[in-house]
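Chains as they are written, first to last, in the working numbering: chain A, 11 to 267; chain B, 466 to 554.
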């Protein structure tokens with residue numbers, strides 16, 4: 011607990027202490043500007059969308075990696091961790107190169123009227139890239155532990171593959187899926203390096219809240235930076251608490267496993 | 466009676482192809498392509514330029530520092546992370 015307090019709580023407490031010195035009215039004045047609110051909405055919205063995408067595709071990838079054999083499986087399995095190891099700035103620049111109007115994918119998408127680089131869509135793609143390992147890695151051990159007898163029992167009782175997936179497999183996976191989702195979401199909210207390169211960072215359109223914090227810091231506006239940080243912390247903490255509650259509810263429904 | 470028994474196996478054929486194919490397509494698009502871009506950009510000025518860039522003393526010092534910090538923090542997190550997980554469950 012001491013380690014947890016030193017590593018996690020002390021930095022968080024110092025942020026809160028700084029913002030207390032601001033006074034409520036001044037704090038509100040900083041936060042309630044259209045530019046700050048737009049950046050907060052973008053940060054949380056893009057992270058939510060990316061975490062949802064990661065939840066779906068991460069489940070698919072984890073399932074395939076555990077249950078199927080195919081050539082190159084070990085290589086693919088190892089590749090899943092790379093977004094963690096790759097410096098986020100490198101990831102951001104690589105994705106921008108790929109999705110820029112003259113990039114490999116951007117060149118294909120722009121004629122279709124889809125702009126990815128320098129738009130919120132690009133932010134979502136960067137966050138999908140960064141968050142995928144969280145979902146895959148939390149689900150893999152749980153899928154490995156799944157009781158195949160239950161699936162076979164469901165099948166012999168006449169359940170279709172879809173029914174056994176929805177009624178037998180998913181209830182066991184929900185808690186881990188929620189954890190992975192929460193981790194990917196949290197990482198997306200705080201992500202900076204990979205996003206700023208692909209986002210274009212236009213105020214009100216594609217400027218994320220962490221970037222706004224850095225901008226304020228560069229202008230020596232520590233009060234402004236802290237105020238935005240505190241709002242992000244409070245929203246994140248409330249969301250995490252909600253997801254944790256949902257998770258313990260899913261655990262209880264699954265028979266206290 | 467034979468139909469339910471057949472269903473007991475994981476979906477074969479088309480279902481299997483769709484699942485594995487879908488997963489691999491997603492990974493290729495979202496993970497594979499960005500990584501390929503990193504490599505092609507790194508080697509875009511030829512292999513000699515690449516070697517010259519990473520044997521620069523500043524680059525070497527930075528890589529050394531990164532690995533050193535990781536070597537210190539990972540064991541710390543391993544020990545205290547397990548302890549923290551133990552306490553909150």
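Backbone N, C-alpha and C define an ideal beta-carbon position, used for all residues, glycine too.
Residue contact with chain A for residue 511 (chain B): absent (no Cβ-Cβ distance below 8 Å to any residue of chain A). Using a CB distance below 7 Å, the part of the stretch 499-533 of chain B facing chain A consists of 499, 500, 502, 503, 506, ordered along the chain.
Counted as a single uninterrupted DSSP element, the alpha helix (DSSP H) harbouring residue 540 (chain B) occupies residues 522-553. Here DSSP, grouped into helix, strand and coil, assigns residue 204 (chain A) to helix. Closest in C-alpha terms to residue 232 (chain A), from the list A:24, A:69, A:87, comes A:24. Neighbours of residue 107 (chain A) across chain B, judged by C-beta separation under 8 Å: 502, 506. The beta-carbon of residue 490 (chain B) is placed no less than 8 Å from the nearest beta-carbon of chain A.
The beta carbons of residue 134 (chain A) and residue 56 (chain A) sit closer together than 8 Å. Flagged as an interface residue toward chain A: residue 548 (chain B), by a C-beta distance shorter than 8 Å. For residue 114 (chain A), no alpha helix (DSSP H) run applies, since DSSP gives it neither H nor E. Under the three-state reduction of DSSP output, residue 87 (chain A) falls in the helix class. For residue 89 (chain A), the nearest beta carbon of chain B is closer than 8 Å to its own beta carbon.
Of all residues in the stretch 116-137 of chain A, the ones placed with a Cβ closer than 8 Å to any Cβ belonging to chain B are 135, in chain order. Within chain B, no residue has its beta carbon less than 9 Å from that of residue 156 (chain A); the closest one is some 12 Å off. Proximity to residue 65 (chain A) across A:200, A:185, A:225, A:116 peaks at A:185, based on C-alpha coordinates.
Interface annotation, residue 70 (chain A): in contact with chain B, CB-CB separation under 8 Å. In chain order, 552 make up the part of chain B whose C-beta sits under 7 Å from the C-beta of residue 11 (chain A).
DSSP, read as helix, strand or coil, puts residue 218 (chain A) in coil.
Here residue 159 (chain A) carries a helix assignment [DSSP, helix/strand/coil]. Classified as buried, residue 190 (chain A) has 16 or more neighbouring CB atoms from the shown chains inside 10 Å of its CB. Of the residues assessed, residue 229 (chain A) falls on the exposed side of the cut-off, its CB having fewer than 16 other CB atoms within 10 angstroms. Taking 8 Å as the CB threshold, residue 202 (chain A) stays off the interface with chain B. The beta carbon of residue 193 (chain A) sits no closer than 8 Å to any beta carbon of chain B. Note that the C-beta distance between residue 73 (chain A) and residue 153 (chain A) is below 8 Å. In its chain, beyond the 5 residues on either side, 196, 199 have a beta carbon closer than 7 Å to the beta carbon of residue 246 (chain A). Against chain A, the CB of residue 484 (chain B) has a partner CB under 8 Å away; the residue lies at that interface. Contact note: residue 496 (chain B) reaches chain A through 89, 90, 92, 93, 139, 142, using a C-beta cutoff of 8 Å and chain order.
Short of 7 Å from the beta carbon of residue 165 (chain A), and not among the five residues preceding or following it, lie these beta carbons of its own chain, in chain order: 174.
The Cβ-Cβ distance between residue 78 (chain A) and residue 209 (chain A) does not fall below 8 Å. With fewer than 16 other beta carbons inside 10 angstroms of its own, residue 252 (chain A) counts as exposed. Listed in chain order, the non-local C-beta contacts of residue 98 (chain A) below 6 Å within the same chain comprise 203, 204, local neighbours out to five positions each way being set aside.
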